[in-house]
Amino acid sequence: MIVWTAALTAPAFTHSDSDSGCAFSHAAAASDAAEAARTLALAYAAPAGSEVTITIDGRPATCATLAAALTGQPDPTPVLDAADALDERISA
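Listed below in structure tokens is the structure:
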């Protein structure tokens with residue numbers, strides 16, 4: 000079984016050194032980690048500059064940072080692209 004962690008580190012959400020955002024750990028297919036990264040990027044309304052990191056079996060698999068869109072809103076495209084690339088690597 001593959002063990003993955005998808006973590007969101009959002010500096011604006013950090014309240015202390017021990018509170019670095021949201022993290023989910025799960026034992027399942029690695030493609031679930033890519034879906035979790037998409038969910039973190041889209042569902043939590045994290046600010047630009049927030050980082051989504053996926054580790055699989057304790058090794059970093061991908062990391063991406065939410066960009067700032069021209070409208071001033073966070074742009075999740077880099078995280079979505081990283082999740083898509085992870086899906087492609089897994090299915091290859």
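Anchor point for the sequence shown: position 63 equals 62 in numbering that gives the first Met the number 0, and the numbering is continuous, going up by one each time.
Beta carbons: idealized from backbone N, C-alpha and C, even for Gly.
Looking at residue i: is its Cβ nearer than 8 Å to the Cβ of residue j?
{"i": "Trp3", "j": "Ala32", "result": "yes"}
{"i": "Ala84", "j": "Ala45", "result": "no"}
{"i": "Ser49", "j": "Leu79", "result": "no"}
In its own chain, which residues sit with a C-beta less than 7 Å from the C-beta of residue i, not counting the 5 before and 5 after it?
{"i": "Thr54", "result": "Trp3, Thr4, Ala60"}
Just how far apart, CA to CA, sit residue i and residue j?
{"i": "Pro77", "j": "Asp86", "result": "14 Å"}
{"i": "Leu69", "j": "Ala81", "result": "21 Å"}
{"i": "Thr38", "j": "Val51", "result": "10 Å"}
{"i": "Gly57", "j": "Leu65", "result": "23 Å"}
If you follow the alpha helix (DSSP H) that residue i is in, where does it begin and where does it stop?
{"i": "Leu79", "result": "76-90"}
Kindly list the residues whose CB is nearer than 8 Å to the CB of residue i, restricted to its own chain and excluding five residues on each side of it in sequence; keep chain order.
{"i": "Ala67", "result": "Ala47, Gly48, Pro73, Asp74"}
How far does the beta strand (DSSP E) with residue i in it reach, from first residue to last?
{"i": "Pro59", "result": "58-64"}
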